[in-house]
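>
Residue numbers (my numbering): 63 to 593.
1. Does the stretch 220-230 come close enough to the stretch 268-284 that 3 or more CB-CB pairs lie under 8 angstroms?
2. Excluding the five sequence neighbours on either side, which residues of its own chain have a C-beta within less than 7 angstroms of the C-beta of residue 106, listed in chain order?
3. Which word fits residue 153, buried or exposed, when buried means at least 16 other C-beta atoms lie within 10 angstroms of its C-beta?
4. Determine the direct distance from the alpha carbon of residue 450 to that of residue 475, and round the result to whole angstroms.
5. Okay, do the stretch 515-524 and the stretch 205-222 touch, 3+ Cβ pairs below 8 angstroms being the bar?
6. What's the C-alpha gap between residue 656 and residue 470?
7. Between which residues of its own chain and residue 196 is the CB-CB distance below 7 angstroms, once the five residues before and five after are set aside?
8. What separation, rounded to the nearest whole angstrom, lies between the Cα atoms of residue 561 and residue 318?
9. Rounded to the nearest angstrom, what separates residue 584 and residue 578 at their Cα positions?
10. When the Cα atoms are used, what is the spatial distance from residue 158 to residue 558?
11. Can you name the start and end residues of the alpha helix (DSSP H) that residue 577 belongs to?
12. Is it buried or exposed for residue 103, if we count other Cβ within 10 angstroms and need 16 for buried?
13. Taking the straight line between their C-alpha atoms, what separation do you get for residue 461 and residue 396?
14. My assumption, with CB atoms under 8 angstroms, is that residue 314 sits in contact with residue 336. Please give the rounded CB distance.
15. Does DSSP put residue 447 in a helix, in a strand, or in coil?
16. Starting from residue 165 and walking both ways along the alpha helix (DSSP H), at which residues does that stretch end?
17. From residue 391 to residue 379, what distance separates their C-alpha atoms?
18. Should residue 382 go down as buried or exposed, given a rule of 16 or more other Cβ atoms within 10 Å for buried?
19. Give me the residue from 435, 433 and 429 with the minimum Cα distance to residue 447.
20. Throw me the rounded Cβ distance for the residue 201 and residue 218 pair, which I believe falls under 8 angstroms.
21. Determine the direct distance from the alpha carbon of residue 140 to that of residue 589, and round the result to whole angstroms.
22. Between which residues of its own chain and residue 334 is the CB-CB distance below 6 angstroms, once the five residues before and five after are set aside?
23. Out of 191, 160 and 155, which has the shortest C-alpha to C-alpha gap to residue 172?
24. In this structure, does DSSP put residue 46 in helix, strand or coil?
25. With a threshold of 16 other CB atoms inside 10 Å of the CB of residue 424, please say whether the residue is buried or exposed.
26. Let's test the definition: count the other Cβ atoms within 10 Å of the Cβ of residue 193 and tell me whether it reaches 16, buried, or not, exposed.
27. Under the three-state reduction of DSSP, which class applies to residue 331: helix, strand or coil?
28. Would you kindly check if the distance between the Cβ of residue 347 and the Cβ of residue 320 is under 7 angstroms?
29. Per the DSSP calculation, residue 102 is bridged to which residue(s)?
30. Where DSSP assigns a beta bridge to residue 219, which residues make up the other side?
31. Sort 143, 401 and 100 by Cα distance to residue 586 and report the nearest one.
32. Enumerated in chain order, which unbroken segments of the alpha helix (DSSP H) with a length of 4 residues or greater are wholly contained in the stretch 132-160?
33. Does the distance from the C-beta atom of residue 467 to that of residue 359 stay below 7 angstroms?
34. Which residues bound the alpha helix (DSSP H) around residue 206?
35. When you measure from the CB of residue 277 to every non-hydrogen atom of the ligand FAD, does any distance come out below 6 angstroms?
36. DSSP puts residue 355 in a beta bridge; with which residues?
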């Protein structure tokens, strides 16, 4: 049974105890053992012998020790260190006034610690050490809108990205992707209907993101109207990169970019790329059918991360161009995909055979609902109130023939392992988009003008940089095995500064979990012994 903590009041003084339940076989009842933890000081147990002198004085002189205010310190401390390590604080101070830097920092930290609507951020800010230690600022909805509009109509985002690219010597290790951000607003000029990657029937903005794979952080973003195609955004982004002095980089893209027009344009512009093939093209299907016949020959046998894999060079004729690539065959992946498909088909067939239709109930609607995206794998017929169904062998064979096989194409001179490794590493940018769209709560956009939208995305971009940096350090230290980014921030949020009635500012005692986190992140060296 798990122990619980509770406070006992003895002679007017509160004490923390840990009570652990256990079963007494003699009395056949549940009893408790109690362990003293310390006196209650601002919601935390403090032992008198180990407590700092200031805390002991606070306990012994309650008239002096009245806590007037409490502020989140731990999570703010952690994010400030990451901000400084990346020199983002320096870049912001070069571009904005002191007050504006404080506002941008508060908005950025809030996106990570506790994302709130703009009209609630001021209340959150007042409960953090940003308000205690920083300049006096207003974070009313009006002031935030004015700041975002200023940023959105200025070159501040471009200037910061330029510094970020230059200072970190970003060159070849760039990963590129694009996503859609939807909005209900009718006042954002960039909003247009287009292909939605989130299946939302709202007008959208296309956002491209450049990730520095070696640093593990995003270093650049760009915004386009929602109807502009992916290849147009790519060429525009590459033009901007060239303006920053970066001309020798590789764009790593998923199959969403794969089309004959996109490929021709990238080859004509001599853009270095690695891209996954999409088998919707008839010519590509024919190439796969031809090349996979001998893919399991030992001449193509390789090992990738300890797993057997086959890699065969292929060439795809694309007008005047010959597009080079590799056909990969992963037997383990084939087995997993086959098992997943056949298991699902079996479950759907059994569910349909057990259906008993009610009066006037549509058999087609029931079939479509239960079969879903796999309905083309079945032949079915209504017989009285039942649905007779069989699995189509030809459809299963066509699907399984492709299982475990995929193609990657590239420009330049790339061996099979480099091609596959770089493409697999693009997962990092997928995680960044996930962070941007869900964990930082940017969807759907709630800004109401093009300028404030641009300013808001700048804040989201800064938040994403800090989150990526923190996650990278957590992985290196092994902390990510036990905590998520949110879990670390939540734990450190309990480490607080308090102001007393006599004006003194003190910090609550650090818990064992907080100390473990800070030690893993190599931040204890920055904390004075009295903290």
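For each residue, glycine too, the CB sits at the ideal point set by N, CA and C.
From the atom records:
1. Between the stretch 268-284 and the stretch 220-230 there are three or more C-beta pairs closer than 8 angstroms, enough to call the two in contact.
2. Translated into the one-based positions of the chain shown, residue 106 becomes position 44. The beta carbon of residue 106 is closer than 7 angstroms to those of 570 and 571 in its chain, skipping five residues each way along the sequence.
3. Position 91 of the chain shown, counted from the first residue, corresponds to residue 153. Looking at its Cβ environment, which holds 16 or more other Cβ atoms inside 10 Å, residue 153 is buried.
4. Looking up residue 475 in the chain shown gives position 413. Looking up residue 450 in the chain shown gives position 388. C-alpha separation (whole angstroms): 55 angstroms.
5. At 8 angstroms Cβ cutoff, the stretches touch.
6. Absent from the model: residue 656. The displayed extent of the chain is 63 to 593, so no value can be given.
7. For the purposes of this step, residue 196 is identified with residue 134 of the chain shown, where counting begins at 1. Within the same chain, 164 come within 7 angstroms of residue 196 by CB-CB distance, once the 5 residues on both sides are set aside.
8. Indexing the chain shown from 1 puts residue 561 at position 499. Indexing the chain shown from 1 puts residue 318 at position 256. Approximately 55 angstroms, taken between the alpha carbons.
9. Translated into positions along the chain shown, residue 584 becomes position 522. Translated into positions along the chain shown, residue 578 becomes position 516. Just so you know, the alpha carbons of residue 584 and residue 578 end up roughly 10 angstroms apart.
10. The sequence position of residue 158 within the chain shown is 96, counting from 1. The sequence position of residue 558 within the chain shown is 496, counting from 1. For residue 158 and residue 558, the gap between their C-alpha atoms comes out near 29 angstroms.
11. By 1-based counting over the chain shown, the position of residue 577 is 515. It spans 574-582 - the alpha helix (DSSP H) in which residue 577 sits, taken as one unbroken run.
12. Reading the chain shown from its first residue, position 41 is the one you call residue 103. So residue 103 ends up on the buried side.
13. The residue you call residue 461 lines up with position 399 of the chain shown. The residue you call residue 396 lines up with position 334 of the chain shown. In this model, residue 461 and residue 396 are separated by some 11 angstroms (Cα to Cα).
14. For the purposes of this step, residue 314 is taken as the residue at position 252 of the chain shown. For the purposes of this step, residue 336 is taken as the residue at position 274 of the chain shown. Contact check for residue 314 and residue 336: beta-carbon distance about 5 angstroms, within the 8 angstroms limit, so the pair qualifies.
15. Counting from one through the chain shown, the residue named residue 447 turns up at place 385. Note: residue 447 maps to coil in three-state DSSP.
16. As a first step, residue 165 must be located in the chain shown, where it is residue number 103. That run of the alpha helix (DSSP H) goes 160-175.
17. To locate residue 391, count along the chain shown from 1; it is residue 329. To locate residue 379, count along the chain shown from 1; it is residue 317. Computed Cα separation, rounded: 21 angstroms.
18. For the purposes of this step, residue 382 is taken as residue 320 along the chain shown, with counting starting at 1. The residue is exposed, with fewer than 16 neighbouring Cβ atoms inside 10 Å.
19. Looking up residue 447 in the chain shown gives position 385. Check the Cα spacing between residue 447 and each of 435, 433 and 429: the tightest is with 429.
20. Working through the chain shown from its first residue, we reach residue 201 at position 139. Working through the chain shown from its first residue, we reach residue 218 at position 156. Going by Cβ atoms, the distance from residue 201 to residue 218 rounds to 19 angstroms, so no, they are not a contact pair.
21. Residue 589 sits at position 527 when you count from the first residue of the chain shown. Residue 140 sits at position 78 when you count from the first residue of the chain shown. One Cα belongs to residue 589, the other to residue 140, and the distance between them is close to 11 angstroms.
22. For the purposes of this step, residue 334 is taken as residue 272 along the chain shown, with counting starting at 1. Within the same chain, and ignoring the five residues on either side of residue 334 in sequence, the residues whose Cβ sits closer than 6 angstroms to its Cβ are 312, 473 and 474.
23. The sequence position of residue 172 within the chain shown is 110, counting from 1. The option with the nearest alpha carbon to residue 172 is 191.
24. The structure shown does not extend to residue 46, since the chain spans only 63 to 593, so no value can be given for it.
25. Taking the chain shown and counting its residues from 1, the one referred to as residue 424 is at position 362. So residue 424 counts as exposed.
26. Mapped onto the chain shown, residue 193 falls at position 131. By the Cβ-count criterion, residue 193 is buried, with 16 or more other Cβ atoms from all chains shown falling within 10 Å of its own Cβ.
27. Against the chain shown, residue 331 aligns to sequence position 269. Note: residue 331 maps to coil in three-state DSSP.
28. One-based indexing of the chain shown puts residue 320 at position 258. One-based indexing of the chain shown puts residue 347 at position 285. Going by beta carbons, residue 320 and residue 347 fall outside the 7 angstroms limit.
29. For the purposes of this step, residue 102 is taken as the residue at position 40 of the chain shown. Answer by DSSP bridge pairing, in chain order: 107.
30. By one-based count along the chain shown, residue 219 stands at place 157. The partner list for residue 219 (beta bridge, DSSP) is empty, contrary to what the question assumes.
31. For the purposes of this step, residue 586 is taken as the residue at position 524 of the chain shown. Nearest option by C-alpha distance: 143.
32. For the stretch 132-160, whole alpha helix (DSSP H) runs of length 4 or above, ordered along the chain, are 136-147 and 150-157.
33. Your numbering for residue 467 matches position 405 in the chain shown. Your numbering for residue 359 matches position 297 in the chain shown. Not closer than 7 angstroms, so no.
34. In the chain shown, the residue the question calls residue 206 occupies position 144. Per DSSP, residue 206 belongs to the alpha helix (DSSP H) from 203-214.
35. For the ligand FAD, the structure offers nothing, since it holds no ligand at all.
36. Mapped onto the chain shown, residue 355 falls at position 293. Bridge partners of residue 355: none, in fact.
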